[in-house]
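One structure is given below, encoded as structure tokens.
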Amino acid sequence: MPESRSLPTVALAPDSSPVQELPGLRRALGVGPRLLVKRDDALPFAFGGNKVRKMQLVAADAIHQGADTLITSGGIQSNHARVTAAAAAKLGLGCVLVVNGAPPARPTANALLDALLGAEVRYVADRSERAPAMDGAAAELRRAGRRPYLIPLGASTPLGAIGFVSAWRELCDQMPAVPDVIIHSSSSGGTQAGLVAGCVLSGEPVRIIGVSADESSAGLTTEIRRILEGLPPLLDLPSNRFASVDVEVDDRFVGAGYGVPTVESVEAIQLLARTEALFLDPTYTAKAMAGLIARVRAREFREDQTVLFWHTGGQVGLFA
């Protein structure tokens with residue numbers, strides 16, 4: 032499996048997150064495959080999560096380019112914004128967060144952590160206003176002699192996705208045999224693009240299912256393919272290396288929309304807490320786990336198969 036060319040990284044967390052069995056969940060479901068979880072929620076940096084893997088490359092690139100301020104965007108309870116603010120604090124950089132929504136009277140969860148980390152938070156009314164506001168903040172900083180570095184939503188760029196190409200290698204090193212299926216939450220596409228690329232390059236026949244938190248299957252698949260198209264130059268591969276790979280996105284568990292709980296996601300939160308003392312967040316991982324539970328109950332997987340749930344973190348959202 033090819034290595035990414037010499038890309039700078041910063042060590043925000045240890046090299047790996049644990050893989051654990053889920054025997055309590057399997058018993059509760061009464062039937063089905065061996066169940067495992069990859070605990071990116073346990074990465075020991077700023078409450079962990081998948082964004083830590085991306086940020087180790089993106090923040091390093093910012094420093095390499097001489098930046099002194101990170102600028103990014105998201106919702107008020109954005110996990111990515113929290114990890115960006117934490118990386119900036121750790122690395123001695125400034126941080127501007129552009130978030131859509133009204134300023135909370137009493138910040139909670141990620142919004143509280145953003146404030147504790149010293150980030151400057153700018154509020155806009157709608158998602159569509161985030162990118163222009165980021166550009167405006169960058170222009171202001173440049174006029175003041177600062178050197179801003181803009182990070183797209185979720186750090187879901189080809190560079191950020193390299194973090195999950197590396198995560199795939201990590202998983203292969205941890206297990207004597209890779210799982211048959213991986214299920215995870217998918218939203219801005221970088222995590223899934225990296226896992227798919229890593230899987231393809233290793234030659235392993237693993238089915239990777241991204242459960243959408245908000246986007247349609249078609250829309251999210253298009254975004255994942257866009258990120259995949261940008262990976263070959265970073266991996267010294269032919270430009271068409273990922274042109275025909277399979278991308279599987281399940282949008283059946285979005286419900287009423289982003290951040291809106293469903294009956295199935297609430298059940299998933301309660302079931303994992305009560306069978307495994309494992310905490311899911313309402314926006315992302317609960318809906319992804321609802322997808323896993325539904326597939327197990329439908330007997331989609333054989334009992335001799337192994338299904339791994341990649342926990343992408345975000346449990347801070349339980350306190351919003």
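Numbered per our numbering, the sequence shown finishes at 351, counting up by one with no gaps.
Glycine included, C-beta positions come from ideal geometry on N, C-alpha and C.
Asked                                                                                                                             : Found
Own chain, CB closer than 7 Å to residue 343, minus 5 neighbours either side, in chain order                                      : 71, 80, 81, 215, 216, 222, 315, 316
DSSP three-state assignment for residue 107, whether helix, strand or coil                                                        : coil
Length of the line joining the Cα atoms of residue 49 and residue 174                                                             : 45 Å
Between the CA atoms of residue 140 and residue 146 - distance to the nearest angstrom                                            : 10 Å
CA nearest to the CA of residue 203, picked from 326, 179, 234, 192                                                               : 234
Residue 100 - DSSP class collapsed to helix/strand/coil                                                                           : strand
Inter-stretch contact at 8 Å, needing at least 3 Cβ pairs: the segment 272 to 284 / the segment 321 to 337                        : yes
DSSP three-state assignment for residue 131, whether helix, strand or coil                                                        : strand
Length at least 4, wholly inside the segment 118 to 169: the alpha helix (DSSP H) runs in chain order                             : 140 to 147
Outcome for residue 249 when other beta-carbon atoms lying within 10 angstroms are tallied against a minimum of 16                : exposed
Residue 195, DSSP secondary structure in three states                                                                             : helix
3-residue-minimum beta strand (DSSP E) runs that sit fully inside the segment 321 to 349, ordered along the chain                 : 337 to 342
Selection from 207, 118, 257 that minimises the alpha carbon distance to residue 225                                              : 257
Residue 196 and residue 238 closer than 8 Å at C-beta                                                                             : no
Chain-order list of residues whose beta-carbon lies under 8 Å from that of residue 184 (same chain, five-residue window excluded) : 103, 104, 105, 111, 161, 219
Nearest candidate by alpha-carbon position, reference residue 236, set 227, 164, 205, 178                                         : 227
Simplified DSSP assignment, three categories, for residue 54                                                                      : helix
Option in 299, 57, 163 with minimal Cα separation from residue 155                                                                : 163
Rounded straight-line distance, which links the Cα of residue 99 to that of residue 180                                           : 8 Å
N- and C-terminal bounds of the beta strand (DSSP E) containing residue 225                                                       : Element bounds for residue 225: not the beta strand (DSSP E) but the alpha helix (DSSP H), 221 to 233.
Sequence-distant residues of the same chain with beta carbon closer than 6 Å to residue 293, five excluded per side               : 286
6 Å CB neighbourhood of residue 78 in its chain, flanking five on each side removed                                               : 347
Whole-angstrom distance between residue 74 and residue 150, CA atom to CA atom                                                    : 22 Å
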